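Working notes, beginning with the structure itself.
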């Protein structure tokens, strides 16, 4: 039996795949995302042929022949991932680009308006945003906007009736849980459910974004890139919207009109909801501009967060001080680790797998190991707190989340060490990353649906 072609002689095989990708990159009609999808297809063929008894070189040559017909392969991918560049080049008729753009922009603006209206709809029935006695906004905030972003991708990827029904089912189940559970006002399970609801909804958006129901690694990796770029676009839009609102209030005050109430009641909330859909469309349509920005930001903040974690660990060891395991401390610590994980996620997704090992790979490993050590110390503190004082929703949630982060960071460390030692290609890190994403969503769903009844909605 032949060995797995993705593990045996990995370095040579990876070089051949890189040469093949570079050849495809010279064809202007093929984008980097499309090349990633073809690479995933090629690797699948190589693995299948290797399992059939062929050696690495034989499997590679035959697999390249099988995916070598660019026109037929591009047509196949275009039918699955409609709206992408290959569809425009291979299937779409001449002169369709302008009308398609106008139609797409109209759909985006319509969905943005719908998200804004959905957010203001409870207010029409007397619900006040800040009123804790009617926490409709607090319980449903992601449900006012993210379903419309998902609908954009249902339309964009042509998922049809099935996509609509799946999204409707997800939103209905989440809405029933968040609004039907008898939460204790401002209790732990209520707050935990509200914090984890956006994660569940964002994963649902990712399934729609993939266009193939989360089946292929390349499309999962695309969604990770999309997520990082989406955050940048949305923050930039929020900053711009804040400046515009400030000038609006100021300019009207010059002529004696107080429009601050209008800005607070309408412009800011409606703009925040609509910007979710617009930001998603901008990332989808204008990727070339932001793809230069996001990797730069990743490379800027990676050494800074590495320095922060190393200094934090050194201070703890030097002073002998441990964590004060209170809810705010746990939330802050988990947010830091999640932010670090986000940096690692985007760094992995934006890296060219064919590039040789560099200093930034060593730096990322240092970041991952530092975060892993902080997570271990946090787990020890949380476990000690549970042993001494018993279970609470916050402590169990913190324990579960830190265990999930521990496994995730351990996997990254293992694959990065093997990559730095040239024992495997970088694709192993990508596979670990994309295969682990559903774990986060499953845990978030457990916190939303299972924690409230398990802890008596306390």
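Residue numbers (my numbering): 27 to 484. C-beta: ideal position from N, C-alpha, C; glycine also. These figures come from a predicted structure and were not determined experimentally.
Proximity winner among the options, relative to residue i (alpha-carbon distances)
i	options	result
residue 193	230, 214, 206 and 216	230
residue 481	418, 426, 152 and 424	418
residue 307	469, 182, 266 and 78	182
residue 137	290, 151 and 171	171
residue 477	284, 341 and 207	207
residue 335	357, 403 and 273	403
residue 62	77, 46 and 76	46
residue 455	346, 203 and 441	441
residue 290	272, 279 and 300	272
residue 472	132, 426 and 71	426
residue 479	214, 385, 244 and 321	214
residue 342	190, 400, 459 and 362	400
residue 156	39, 129 and 212	212
residue 398	433, 203, 134 and 293	433
residue 148	188, 295, 416 and 447	295
residue 446	390, 287 and 154	390
residue 366	326, 421, 263 and 384	326
Expected contact under 8 Å - CB spacing of residue i and residue j to nearest Å
i	j	result
residue 375	residue 339	So it is not a contact: roughly 27 Å between Cβ atoms.
residue 430	residue 372	Contact flag wrong, Cβ pair sits at about 19 Å.
residue 370	residue 438	6 Å
residue 249	residue 237	The Cβ separation is near 10 Å, so there is no contact.
residue 74	residue 470	In fact, because the Cβ distance is near 34 Å, the residues do not count as touching under 8 Å.
residue 168	residue 227	5 Å
residue 173	residue 197	5 Å
residue 165	residue 234	Not quite, the Cβ-Cβ distance comes to about 23 Å (not below 8 Å), so this is no contact.
residue 225	residue 323	In fact, because the Cβ distance is near 22 Å, the residues do not count as touching under 8 Å.
Assigned secondary structure, residue i (DSSP; H/G/I helix, E/B strand, else coil)
i	result
residue 240	coil
residue 481	coil
residue 378	coil
residue 154	coil
residue 452	coil
residue 149	helix
residue 466	helix
residue 391	helix
residue 273	helix
residue 45	helix
residue 209	coil
residue 78	coil
residue 245	helix
residue 552	The chain is shown from 27 up to 484; residue 552 falls before or after that span and cannot be answered.
residue 411	helix
residue 383	coil
residue 119	The predicted model places residue 119 with a pLDDT of 43, which falls under 50 and marks its position as unreliable; any figure quoted below should be read in that light. Coil.
residue 160	coil
residue 485	Residue 485 is absent from the model: the chain starts at 27 and stops at 484.
residue 474	helix
residue 370	helix
residue 39	helix
residue 346	coil
CB contact flag (residue i, residue j, <7 Å)
i	j	result
residue 209	residue 483	yes
residue 178	residue 303	yes
residue 66	residue 332	no
residue 379	residue 453	yes
residue 26	residue 408	Since the first residue of the chain shown is 27 and the last is 484, residue 26 is not available in this structure.
residue 297	residue 276	no
residue 256	residue 305	yes
residue 450	residue 393	no
residue 142	residue 358	no
residue 309	residue 252	yes
residue 499	residue 89	Nothing can be reported for residue 499, as the shown portion of the chain is limited to 27 through 484.
heavy atom of the ligand FAD below 6 Å from residue i C-beta
i	result
residue 304	Ligands in the displayed structure: none, and consequently the ligand FAD is not present.
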